[in-house]
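Add 2 to the 1-based position in the sequence shown for my numbering, that's all there is to it. Data block below; observations after.
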Amino acid sequence: MSDLIEQALASADDTDRVVMGDGVLAATGPMFRELFGQARGVIIADENTWAAAGEQVSASLKDAGVELAEPYVFPGSPSVYAKYENVELLREFLAPLDANAVVVGSGTLNDLVKRASDELGRRYLVVCTAASMDGYAAFGASLSVDGFKTTLTCRAPQGLVVDLPTLAAAPQRCTATGVGDLIEKIPAGADWILADELGIEPIDQGSWDLAQGRLEAAISDPQGLVDREPGAFVALAEGLVLSGLSMQRYRISSRPASGAGHLFSHVWEMEHLGMDEDPPLTHGFKVGLGTLATLALWQNAVDLDVSSIDTEEVVARWRSREDTEAFVRSWFTGNMVEPAVKQTLDKYLTADELRGRIELIKDRWPTITERTRAQIIPPERAEAILKQVGAYWHPQQIGLSRQRFRDTYLRCRMIRSRYTLPDALFELGVLDEQVDRLFAPDGFWGRRPWAE
3 MSDLIEQALA
13 SADDTDRVVM
23 GDGVLAATGP
33 MFRELFGQAR
43 GVIIADENTW
53 AAAGEQVSAS
63 LKDAGVELAE
73 PYVFPGSPSV
83 YAKYENVELL
93 REFLAPLDAN
103 AVVVGSGTLN
113 DLVKRASDEL
123 GRRYLVVCTA
133 ASMDGYAAFG
143 ASLSVDGFKT
153 TLTCRAPQGL
163 VVDLPTLAAA
173 PQRCTATGVG
183 DLIEKIPAGA
193 DWILADELGI
203 EPIDQGSWDL
213 AQGRLEAAIS
223 DPQGLVDREP
233 GAFVALAEGL
243 VLSGLSMQRY
253 RISSRPASGA
263 GHLFSHVWEM
273 EHLGMDEDPP
283 LTHGFKVGLG
293 TLATLALWQN
303 AVDLDVSSID
313 TEEVVARWRS
323 REDTEAFVRS
333 WFTGNMVEPA
343 VKQTLDKYLT
353 ADELRGRIEL
363 IKDRWPTITE
373 RTRAQIIPPE
383 RAEAILKQVG
393 AYWHPQQIGL
403 SRQRFRDTYL
413 RCRMIRSRYT
423 LPDALFELGV
433 LDEQVDRLFA
443 PDGFWGRRPW
453 AE
């Protein structure tokens, strides 16, 4: 385990212990006793994760003298969904038990147990079964509440057990989705630089270092991940754990690990894209496509001549608050409407405020582009990495039409108040124009046409 993880734990609010390495499932029992003393335990898993590590975890807990309640094992198919109703189900199961949960699983199971345990005022530990996402050590749980994807506040696990052979043995699609989730930290970093330069959300250097510090190493050996080489999984696992710890440190939001690329994914998740598949279309696969979308937008944006933009012309075309609300309502339906209106209006600028923002962007643009050029990678490189690990690299692969995918560039900024590149381009009055460039015959997506 890296020194950076040890340093992160020293300042973490929630997570006290991380054990990472080969054959460390046996460390679950001793960790449980260290963290929870003589408390009883209960294992939460699904049929797939139980097959991957459940028996070993159970044996380790028993060997350490932990009294175990009967485990709760979800069916392996259809896959359990990260909806709040499943939190309620788990909470009702756990409530009468005087026990701390040990979740054996990855993203969805971890988030469900995280929230359910928090609502009961209890701590838990997680045994990671796949390198599939960065939320293991993150505060908050990403859940669907009344059909709207949101992050509910709750404490991160008190302990993590990361057994590298277990991660390497997971289905390749799990590893591919982890790469998709992690690689978005690259354009997310550029989005945070933008917000930092404009004084909207200053960078917290400690959180930045955790999210970005092992990022290049984690994505540098995609073939090693395909070949299940231990060294490649060490780098990926560290990158994912550190990303979660960065969010835990920052606490304000998931900003250190999530930018506009994640917003693309959230739009599609709220529309239940791929949720009827078995297994469902993963978060990381959608985030990977969001990464390509935003890297392509950034690649053009850094060459944008903002000094030529007529500030007064843009201000003259700016919508009132009432018209902005109507505009947002025209883009969404059902349970997405009211949250999108609130998130958009939370960052609404008056005409005078817009004038000041445009002038500030113009003033800071040389520094913004200098810093973000050093942060981003070509979308073609990200595309090659996603292809190599078995992730999706074209929107049509997940059932998105050209128009629906294009529209997501315009819609994604409306579902969160977080400031990202689409917000800046929208405020400059050039978002539609910049998106059109991407879909022109010589643009990034124009060179990757949809099959008829």
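Backbone N, C-alpha and C fix where the C-beta goes; we use that ideal spot for every residue, glycine too.
Option in the options with minimal Cα separation from residue i
i	options	result
Cys156	Gly276, Ala172, Leu114, Ala61	Leu114
Asp15	Thr369, Arg253, Leu412	Arg253
Arg230	Val330, Gly109, Pro173, Gln40	Pro173
Cys176	Arg415, Leu388, Ala353, Trp367	Leu388
Glu1	Ile400, Thr371, Pro380	Residue numbering for the chain in the displayed model covers 3 to 454; residue 1 lies beyond these limits and cannot be assessed.
Ala71	Asn102, Ala54, Glu385, Gln250	Asn102
Gly109	Pro189, Arg415, Met135, Ala426	Met135
Leu412	Ile400, Asp365, Phe334	Phe334
Ser255	Ala178, Ala192, Asp206	Asp206
Arg323	Leu356, Glu36, Leu427, Gly149	Leu356
Asp148	Asn112, Asn88, Val128, Cys130	Asn88
Trp447	Asn302, Ala55, Asp425	Asn302
Ser79	Ser332, Asp278, Leu402, Arg415	Asp278
Cys414	Glu90, Arg449, Lys151	Lys151
Assigned exposure category for residue i - 16 Cβ within 10 Å defines buried
i	result
Gln405	exposed
Pro451	exposed
Lys455	The shown model of the chain, from 3 to 454, leaves out residue 455, and the question about it has no answer.
Ala455	Since the first residue shown for the chain is 3 and the last is 454, residue 455 is missing from the structure and cannot be characterised.
Glu435	exposed
Glu57	exposed
Phe329	exposed
Asp165	buried
Ser144	buried
Glu271	buried
Ser245	buried
Arg251	buried
Pro224	buried
Pro282	buried
Gly201	exposed
Ala220	buried
Ala53	exposed
Glu385	buried
Asp305	exposed
Cut-off 7 Å between Cβ atoms - residues of its own chain near residue i, not counting five sequence neighbours on either side
i	result
Leu430	Val308, Ile311, Val316, Ile360, Ile363
Ala259	Asp136, Lys187, Ala190, Ala213, Ser245, Ser248, Met249
Pro226	In the sequence as presented, Pro is not what sits at residue 226; that position holds Gly. The residues are Gly233, Ala234.
Residues near residue i in its chain [Cβ-Cβ closer than 6 Å; skip 5 each side]
i	result
Glu203	Ala197
Leu92	Leu114, Ala118
Ala28	Ser62
Nearest-angstrom beta carbon gap, residue j and residue i [assumed within contact, 8 Å]
i	j	result
Tyr83	Val105	About 16 Å; that fails the 8 Å criterion.
Ala453	Gln398	6 Å
Leu247	Ala139	5 Å
Thr296	Gly336	Not quite, the Cβ-Cβ distance comes to about 26 Å (not below 8 Å), so this is no contact.
Asp24	Pro167	6 Å
Leu294	Trp395	7 Å
Gly457	Val68	Residue 457 cannot be examined here, being either before or after the span of the chain that is shown, 3 to 454.
Residues of its chain near residue i, where Cβ-Cβ distance is below 8 Å and the 5 sequence neighbours each way are ignored
i	result
Arg418	Leu265, His268, Gln345
Leu242	Ala133, Met135, Asp136, Tyr138, Gly180, Asp183, Leu184, Ala220
(message) Quick check: the segment 342 to 354 against the segment 289 to 300, are at least 3 beta-carbon pairs closer than 8 Å?
(response) no
(request) May I ask you to verify whether the segment 213 to 225 touches the segment 429 to 445, counting CB pairs closer than 8 Å and requiring at least 3? (result) no
(request) Examine the Cβ distances between the segment 151 to 169 and the segment 8 to 28 and report whether three or more of them are shorter than 8 Å. (result) yes
(request) Give a yes or no on contact between the segment 57 to 70 and the segment 90 to 98, applying the rule of three or more CB pairs nearer than 8 Å. (result) no
(request) Answer yes if the segment 374 to 386 comes into contact with the segment 348 to 356, meaning at least three C-beta pairs across the two stretches below 8 Å, and no otherwise. (result) Between the segment 348 to 356 and the segment 374 to 386, the count of Cβ pairs shorter than 8 Å is below three; the stretches do not touch.
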